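Asks:
Chains as they are written, first to last, in the numbering used here: chain Z, 12 to 124; chain V, 11 to 122.
1. Could you tell me the boundaries of the beta strand (DSSP E) in which residue 88 (chain V) lies?
2. Give me the Cβ distance between residue 49 (chain Z) and residue 101 (chain Z), rounded to the nearest whole Å; I'm assuming they're in contact under 8 Å.
3. Where do the ends of the beta strand (DSSP E) carrying residue 25 (chain Z) lie?
4. Answer with buried or exposed for residue 53 (chain V), where buried requires no fewer than 16 other C-beta atoms within 10 angstroms of its C-beta.
5. Quick one: list the residues of chain Z neighbouring residue 110 (chain V), beta-carbon separation under 9 Å, in chain order.
6. Can you find the residues in the same chain that come closer than 6 Å, C-beta to C-beta, to residue 39 (chain Z), ignoring five residues on each side of it along the sequence?
7. Name, going along the chain, the residues of the stretch 38-58 of chain V whose beta-carbon falls closer than 9 Å to a beta-carbon of chain Z.
8. Can we say the stretch 93-107 of chain V touches the stretch 32-46 of chain V, given the rule of at least three CB pairs closer than 8 Å?
9. Hey, does residue 14 (chain V) have any beta-carbon neighbour from chain Z nearer than 9 Å?
10. Any contact between the stretch 77-87 of chain Z and the stretch 20-29 of chain V? By contact I mean 3 or more CB pairs, one from each, below 8 Å.
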């Protein structure tokens, strides 16, 4: 079965600094990969997804992620963080056959002024 | 378009009581999911419906949890009897196809 590891439980960055959130997955076939963001008391919102093709994926709110099959990674990046980016970020892996998604434990992002 | 609706938003019950959550997916979305998100963890899939049929309920504790999706639209998730460890946020999501899942705001359950 697929699984996701997000090694960083909590990350703090200064506003305007760059950001990278790590995600490692385990899946036997071609993975479908997702990054979701969850603000307090809110549901999850999709930032970006990777199914196939270009391994550098652009998403909403200025986020991007790069799929590296050799490293089983799908790290999320943003060149300049805004205070409104403070939230919980979840990486997820799914399969085409049943769309069964497995989420990582999440990384909480704090943005310092 | 309207998003995924869930109710209630909050529920507090005593252990051994029963509780039910309701979800109304985005119109036209055939696939509906229920997730359990325990504090500090990522969402865990409990059950997945395709129209009104169950696709995957392998992680649903069937001795106490049940779910149905009548007429392939709305869905209810029930817990009976509740345990302390059921305290969590229960998220409903829907998708049009094997693509993006759209999540509702969730129901926060506290079991005392």
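Ideal Cβ placement from N, Cα and C applies to all residues, glycine included.
These figures come from a predicted structure and were not determined experimentally.
Replies: Quick look at the numbers:
1. For this step, residue 88 (chain V) is matched to residue 78 along the second chain. 85-89 is the span of the beta strand (DSSP E), which, as asked, contains residue 88 (chain V).
2. Mapped onto the first chain, residue 49 (chain Z) falls at position 38. Mapped onto the first chain, residue 101 (chain Z) falls at position 90. Yes, they are in contact, since the Cβ atoms of residue 49 (chain Z) and residue 101 (chain Z) sit about 7 Å apart, within 8 Å.
3. The sequence position of residue 25 (chain Z) within the first chain is 14, counting from 1. From DSSP, the beta strand (DSSP E) with residue 25 (chain Z) extends over 21-25.
4. Reading the second chain from its first residue, position 43 is the one you call residue 53 (chain V). It counts as buried.
5. Against the second chain, residue 110 (chain V) aligns to sequence position 100. The answer, in chain order, is 45, 57 and 60.
6. Counted from its first residue, the first chain places residue 39 (chain Z) at position 28. No residues qualify anywhere along the chain.
7. 41, 43, 45, 47, 50, 51, 52, 53, 54, 55 and 58
8. yes
9. Here residue 14 (chain V) refers to the residue found at position 4 when the second chain is read from its first residue. Yes, because at least one Cβ of chain Z sits closer than 9 Å to the Cβ of residue 14 (chain V).
10. no
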